[in-house]
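Residue numbers (the numbering used here): -17 to 64.
The beta-carbon is built from N, C-alpha and C at its ideal position, and this holds for glycine as well.
Comments concern the structure below.
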């Protein structure tokens, strides 16, 4: 235990990450679990990509509403109303 306490923070984090990776690899040993893991990752990636594309389209289609100055004005109005 004393040897672990003498390690730097980066070394302790590296060891922790390696142990987590070993644990995950033993958990993902079965093919069905691996399929579910990649399916969930693909879902997260597609959701974030769609969200990014929608926000980019809205900012492109209505640029006057999403200028920094207009957003700051809108936030000030909301603060005054509260």
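Alpha-carbon spacing of residue i relative to residue j, whole angstroms
i, j, result
"residue 31", "residue 37", "10 Å"
"residue 19", "residue 27", "12 Å"
"residue -4", "residue 45", "45 Å"
"residue 17", "residue 25", "12 Å"
"residue 0", "residue 15", "20 Å"
Cβ neighbours of residue i in the same chain (closer than 7 Å, five flanking residues each side left out)
i, result
"residue 58", "none"
Beta-carbon proximity list for residue i, same chain, < 8 Å, skipping 5 on both sides
i, result
"residue 48", "40, 41"
Ranges of the alpha helix (DSSP H) found wholly within the region -14 to 60, counting only runs of at least 4: -9 to 9, 13 to 43
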